[in-house]
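S.K.:
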Amino acid sequence: MDADSTSRANASIAATRAQLHPCCQTDGSRRMNPLDVVLDPIAAPGVIAAKLWVRGGSGADPKGQRGVHQLLGALLTRGCGPYDHLALADLVEGCGAGLRCDTHEDGLLISLKCADRDAERLLDLLGWMLIDPHLDSSQVTLERDLSLQALQRQREDPFHLAFDGWRHMAYGSGPYGHDPLGLSEDLNQLGRQQLISLIDGLTAQSPVLALAGTLPEDLEQRLGVMESFQRWPNQPPQQERKSESSKIPTENIQIESNICLQPEPTSQVVMMLGQPTLAHGHEDDLALRLLNCHLGLGMSSLLFRRLREQHGVAYDVGTHHPVRKCAAPFVLHASTSEDKAKHTLQLLLDSWWELSQQAISEEDIELARAKFHGQLAHGAQTTGQRAERRAQLRGLGLPGNYDQHSLETIKNLDGSALQKAAQRHLRMPLLSLCGPETSLQILAKDWQQQVVQSS
876 MDADSTSRAN ASIAATRAQL HPCCQTDGSR RMNPLDVVLD PIAAPGVIAA KLWVRGGSGA
936 DPKGQRGVHQ LLGALLTRGC GPYDHLALAD LVEGCGAGLR CDTHEDGLLI SLKCADRDAE
996 RLLDLLGWML IDPHLDSSQV TLERDLSLQA LQRQREDPFH LAFDGWRHMA YGSGPYGHDP
1056 LGLSEDLNQL GRQQLISLID GLTAQSPVLA LAGTLPEDLE QRLGVMESFQ RWPNQPPQQE
1116 RKSESSKIPT ENIQIESNIC LQPEPTSQVV MMLGQPTLAH GHEDDLALRL LNCHLGLGMS
1176 SLLFRRLREQ HGVAYDVGTH HPVRKCAAPF VLHASTSEDK AKHTLQLLLD SWWELSQQAI
1236 SEEDIELARA KFHGQLAHGA QTTGQRAERR AQLRGLGLPG NYDQHSLETI KNLDGSALQK
1296 AAQRHLRMPL LSLCGPETSL QILAKDWQQQ VVQSS
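Using our numbering, the first residue of the sequence shown is number 876, and each one after it goes up by one.
1. In whole angstroms, what is the alpha-carbon distance linking Q1316 and R1302?
2. Using 8 Å as the threshold, is the stretch 1096 to 1108 in touch with the stretch 923 to 941, meaning 3 or more CB pairs across them?
3. For S1048, which residues of its own chain have a beta-carbon under 8 Å away from its beta-carbon, when the five flanking residues on both sides are left out?
4. If you follow the beta strand (DSSP E) that D1214 is in, where does it begin and where does it stop?
5. Distance, Cα to Cα, G1259 vs E1139?
6. Counting only runs of 4+ residues fully inside the stretch 1180 to 1268, write out the alpha helix (DSSP H) ranges in chain order.
7. Quick one: grab the DSSP three-state call for S1175.
8. Which ranges would you report for the beta strand (DSSP E) in the stretch 1004 to 1077 if only whole runs of at least 3 residues count?
9. Quick check on the burial criterion: 16 or more other C-beta atoms within 10 angstroms. Buried or exposed for M1174?
10. Is the separation between the beta-carbon of G1171 and that of E1237 shorter than 8 Å?
11. Verify whether the separation of the beta carbon atoms of W1041 and L1305 is less than 8 Å.
12. Which of the three DSSP states, helix, strand or coil, is assigned to Q1096?
13. Report back the beta-carbon spacing between Q1143 and S1210 to the nearest angstrom; my notes put them in contact at under 8 Å.
14. Give a yes or no on whether the minimum CB-CB distance between Q1185 and chain C is below 8 Å.
15. Since P1082 and W928 are thought to touch, with beta carbons under 8 Å apart, how far apart are those beta carbons, to the nearest angstrom?
16. Express the C-alpha separation of V1326 and C976 in angstroms, rounding to a whole number.
17. Short check: CB of M1044 to CB of S1307, under 8 Å?
18. Along the chain, where does the beta strand (DSSP E) containing S1307 start, and where does it finish?
19. Beta carbon of F1034, beta carbon of V1145: below 8 Å?
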């Protein structure tokens, strides 16, 4: 046995081996200290989907180490516990299963999908990935190089450049101020030592394990006797670190500039117009989500009809309003040609200000409600989607019936309620542009005039 393997074995033996004692929670989940287990048994042809949500994500990247959680997440599937990276791949692929880890702004999401007959063999891997990831130096170098290559590809995409500029204006050096992949200058400095310092935090903040599909009745007891979960540190959950963007009200975020220009020798102009808004679960969040459906969801949306069908000025148009633990971005985006860029920007601005200046018709609200309902239904078609949403809600501290409650709540949101929400939370748009320098300078002058007129 080599030195690294011996060290890992000693660390595992030294860890607390207290037996896990699951108990019922009010929302039907189970707690295996400090692991939350959420079960969603549904009729599926012998398939189980598991989603393990680990709080933190790229929003918890330390200063000077932006990208460290993405690098850690990529390495969790490259060897853990008794399996090196080859043995782990052989086990998963030999069962015809799928195993991956994705890094988001608010957490790491480990995904496993397998046949129910292989569940006990493969679920044990999830525990090993958190308590004993190998983090072999050769694999660290490989994943770091892959991340750097991905960042280089992003720098060649005008859409990514425009959004990076907007994100930096909106969040600065805060938790959401950089891509989960990180920054090249920081990634180049990261090695195994920086990753090791994060290992204890993987189990310290009550990770959430959501399982959906054909679930045995005694699944939680089976988890409790799996070797990796028996070795799970029996420590009290730590208080989750509050990020800066969760402490500062949106209206108090200080923006040094309201426009970002990224000159690129392209034949198109990409525009990002929006601002940071609310956390998922805020009392006004549903109103903004209906506005998002009204503006950018589908070919019947306002932006599609206005920019593409009525005026024919945009190649691509849409909105970006993801689920976030803190102040989520609410962004309108469009790509257009140089000669139509000025008209496109004006139409985006008109669409933005209309939200707070006039109430949406009941007909448009009903369409937005239908789209919102369809989004929820579309996102719960597979066992994997159901498990991921369960894990996400639990990780954000929201009840398991949050979506059902939301469907009832939006019935009472009328045009006046949506207008008031826009007046409260969509008052300070930031603009990011990427394209030919001459066009950007012209657009910047128009933008400043618009800002003066609206202030």
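Here a beta-carbon is modelled for each residue, glycine too, at the ideal position from N, C-alpha and C. Predicted model, so just to flag it, every value in this text is computed and none were measured.
M.R.: Taking the structure as given:
1. As a working mapping, residue 1316 is identified with position 441 in the sequence shown. As a working mapping, residue 1302 is identified with position 427 in the sequence shown. Using only the alpha carbons, I get a separation of about 24 Å.
2. Short answer: they don't touch.
3. Reading the sequence shown from its first residue, position 173 is the one you call residue 1048. Cβ neighbours of S1048 beyond the five flanking positions: K938.
4. Locating residue 1214 in the sequence shown gives position 339, where the first residue counts as 1. Under the DSSP assignment, D1214 falls outside any beta strand (DSSP E); it carries neither an H nor an E label.
5. For this step, residue 1259 is matched to residue 384 along the sequence shown. For this step, residue 1139 is matched to residue 264 along the sequence shown. Using only the alpha carbons, I get a separation of about 40 Å.
6. Listed in chain order, they are 1216 to 1232, 1237 to 1253.
7. Along the sequence shown, read from residue 1 onward, the residue named residue 1175 stands at position 300. The DSSP-derived three-state label of S1175 is coil.
8. The beta strand (DSSP E) runs of length 3 or more contained entirely in the stretch 1004 to 1077 do not exist; there are none.
9. Within the sequence shown, numbered from 1, the residue matching residue 1174 stands at position 299. Burial check for M1174: the Cβ neighbour count within 10 Å stays below 16, so the residue is exposed.
10. The residue labelled residue 1171 in the question sits at position 296 within the sequence shown. The residue labelled residue 1237 in the question sits at position 362 within the sequence shown. G1171 is not a Cβ neighbour of E1237, given a cutoff of 8 Å.
11. Position 166 of the sequence shown holds residue 1041. Position 430 of the sequence shown holds residue 1305. Going by C-beta atoms, W1041 is nearer than 8 Å to L1305.
12. For the purposes of this step, residue 1096 is identified with residue 221 of the sequence shown, where counting begins at 1. Three-state DSSP puts Q1096 in a helix.
13. Sequence index remark: in the sequence shown, residue 1143 carries index 268 (1-based). Sequence index remark: in the sequence shown, residue 1210 carries index 335 (1-based). Confirmed, Cβ separation roughly 5 Å.
14. This model lacks chain C altogether; it includes just one protein chain.
15. For this step, residue 1082 is matched to residue 207 along the sequence shown. For this step, residue 928 is matched to residue 53 along the sequence shown. With 8 Å as the limit, P1082 and W928 qualify as a contact, their Cβ atoms being about 6 Å apart.
16. What you label residue 976 is simply residue 101 of the sequence shown in a count that begins at 1. What you label residue 1326 is simply residue 451 of the sequence shown in a count that begins at 1. If you take the alpha carbons of C976 and V1326, they lie about 43 Å apart.
17. For the purposes of this step, residue 1044 is taken as the residue at position 169 of the sequence shown. For the purposes of this step, residue 1307 is taken as the residue at position 432 of the sequence shown. Against a cut-off of 8 Å, the Cβ pair of S1307 and M1044 comes out as a contact.
18. The residue given as residue 1307 occupies position 432 in the sequence shown. Counting along the chain, the beta strand (DSSP E) containing S1307 begins and ends at 1305 to 1310.
19. One-based indexing of the sequence shown puts residue 1034 at position 159. One-based indexing of the sequence shown puts residue 1145 at position 270. Yes, Cβ-Cβ distance for F1034 and V1145 is below 8 Å.
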